[in-house]
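Residues 14 to 94, numbered by this note's numbering, are exactly what the sequence shown covers, in order. Note that beta-carbon positions come from the ideal geometry of N, C-alpha and C, so glycine has one too. Remember, it's a predicted structure, so these values are computed and weren't measured experimentally. For reference, the structure discussed in these notes is given below.
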Amino acid sequence: MKEPHCKSLSRKMSDYIDGSLDPKTLAKIKSHFKDCRPCVAFFKTLQKTVGALGALKSAATLPRKAQGGLREKLKSLSHGN
Ligand SMILES: [Zn+2]
14 MKEPHCKSLS RKMSDYIDGS LDPKTLAKIK SHFKDCRPCV AFFKTLQKTV GALGALKSAA
74 TLPRKAQGGL REKLKSLSHG N
């Protein structure tokens with residue numbers, strides 16, 4: 014990680030992993046990954062760490078995806094009536 018924005022992007026990577034990142038920053042990180050191998054390596058390590066933590070966290074909170082699915086389900090139920 015030698016480029017100056019590597020450091021700032023690395024701070025956003027945990028948001029990337031839990032899906033709370035805005036699409037603009039997401040696209041920025043994705044395109045950065047194409048020409049920055051150290052960031053990809055860092056991201057993979059982070060993903061493993063967060064994945065391990067996420068297993069603990071999911072006991073208390075639903076993953077974002079599941080929450081969205083639930084909301085859709087509720088919406089379709091209310092439309093059905
Ligand atoms: Zn980088």
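_Collapsed DSSP secondary structure at Ser4 in the structure displayed_ = Not covered by the structure: residue 4. The range shown for the chain is 14 to 94.
*Determine the DSSP secondary structure at Ser33, reduced to helix, strand or coil.*
Residue state, collapsed to three classes: coil.
*Is the Cβ-Cβ distance between Leu59 and Ser27 less than 8 Å?*
Here Leu59 is near Ser27, since their CB atoms are less than 8 Å apart.
*Work out the CA separation of Gly82 and Lys25 for me, nearest whole Å.*
Note on geometry: alpha-carbon atoms of Lys25 and Gly82 lie some 25 Å from one another.
_Relative to the C-alpha of His18, which candidate in Lys57, Leu87, Ser44 and Ser33 has its C-alpha closest?_
Ser44 is the residue among Lys57, Leu87, Ser44 and Ser33 whose C-alpha sits nearest the C-alpha of His18.
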